[in-house]
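Below is one structure, written out as structure tokens; comments come after it.
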Amino acid sequence: MKTKDWFTDWFNTPYYHVLYKDRNDEEALLFMKKITTFLALPKTTHILDLPCGKGRHAVFLNSLGYKVTGGDLSENSIKYAQKFKNDTLNFSVHDMRKPFNNQYNAVFNLFTSFGYFEDDKDDILILQNIKNGLKKDGVFVFDFLNAEFVKETLVAKETKIVDGITFNITRRIKDGFILKDISFFADDQNHAYTERVKYLDANKMKAYFEKVGFTITNIFGNYNLSNFDAQTSNRLILVAK
Ligand SMILES: C[S@@+](CC[C@H](N)C(=O)[O-])C[C@H]1O[C@@H](n2cnc3c(N)ncnc32)[C@H](O)[C@@H]1O
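Counting along the sequence shown from 1, when you hit position 167 you're at 208 in the working numbering, and nothing is skipped either side.
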């Protein structure tokens, strides 16, 4: 049975992982290497990867020598990630709208894991929780889509066949949200989900960060850490203290 929140359902299905299995993991890991080098994070750093999904960034960061904790709302993803756990790598189910019990040297929010909620108050609450979850001089890395670039390059209709499943995808921007309707037939059933991410451009995100008392130290526009350009960058990556 579906819940009222699309993100609780869709990210917990196996189909989400099928649709995105061709995403560029290599690029994601290179980003982790670049950002940890750029930040000169010592190996004593304890990083919270939130939300971590199935743990792809967390496992890699741990292999670089960091202590890493991964949290995610999806029980299925956490169950999968837990296969990789060790003395310095842990995973647990966590809703980022809830405060943390621990404090970390760094919190990473990666791959558009924000803007899912209707009310701006929930966005602020998450940022506040992250801020409270950081130790003194801790660093926050926020990797989000560049809304302006998405608007300019929006592909309205697309069909993707992955693992024998035909995903029919339509995209639109409506009422301040970027919507992606995904319908497909699998396991003898028709399925339909809508990903819904708030249209948060760089200015709006900067205002959010200011509101919770974060100081932005860097703004990058892609995983190579090039400077951000609102028109051409495919990512909005904010580093804050
Ligand atoms: C786009 S995925 C990215 C996951 C991971 N960062 C990655 O790159 O593979 C977004 C993740 O956010 C998680 N999520 C959605 N709402 C959440 C919430 N309220 N608290 C914690 N995690 C949440 C989903 O379960 C999903 O794994």
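Glycine included, each C-beta is placed from N, C-alpha and C at the ideal position.
* Asked: Assuming I214 contacts D222 under a Cβ cut-off of 8 angstroms, what Cβ separation, rounded to an integer in Å, is found between them?
  -> A Cβ-Cβ distance of about 13 angstroms is found for the pair I214 and D222, leaving them out of contact under the 8 angstroms criterion.
* Is Y134 buried or exposed, if buried means 16 or more other CB atoms sit within 10 Å of its CB? -> Note that residue 134 corresponds to Val in the displayed sequence, not to Tyr. With fewer than 16 other Cβ atoms from the protein chains shown falling within 10 Å of its own Cβ, V134 counts as exposed.
* To do: With a 10 Å radius around its C-beta and 16 neighbouring C-beta atoms as the bar for buried, classify E236 as buried or exposed.
  => With 16 or more other Cβ atoms within 10 Å, it is buried.
* **Pair within 9 angstroms by beta-carbon distance, A147 and G179** => In this structure, the beta-carbon distance from A147 to G179 falls below 9 angstroms.
* Around the C-beta of Y249, are 16 or more other C-beta atoms found within 10 angstroms, so that it is buried, or is it exposed? -> Looking at its Cβ environment, which holds 16 or more other Cβ atoms inside 10 Å, Y249 is buried.
* To do: Please name the residue in A122, L114, F190 and S118 whose C-alpha comes closest to that of F155.
  => The option with the nearest alpha carbon to F155 is L114.
* Tell me whether N263 sits in a helix, a strand or coil according to DSSP, three-state version. => Annotated three-state conformation of N263 is coil, per DSSP.
* Asked: Shortest alpha-carbon distance to F141 belongs to which of K108, L89, W47 and D270?
  -> Closest in C-alpha terms to F141, from the list K108, L89, W47 and D270, comes L89.
* Asked: Is the closest heavy atom of ligand 1 to the C-beta of M246 under 8 angstroms?
  -> Remark: the shortest separation between the CB of M246 and any heavy atom of ligand 1 does not fall under 8 angstroms.
* To do: Kindly confirm or deny that the region 240-260 and the region 155-167 touch, where touching means at least three C-beta pairs closer than 8 angstroms.
  => Yes: the two stretches touch, three or more of their Cβ pairs being nearer than 8 angstroms.
* Could you check the C-alpha separation between K43 and D50 for me, to the nearest Å? => Straight-line Cα distance between these residues: approximately 6 angstroms.
* For the alpha helix (DSSP H) holding D66, just list the boundary residues, first then last. => Start and end: D66 to F79.
* Run through DSSP, which three-state label would S154 get? -> Note: S154 maps to coil in three-state DSSP.
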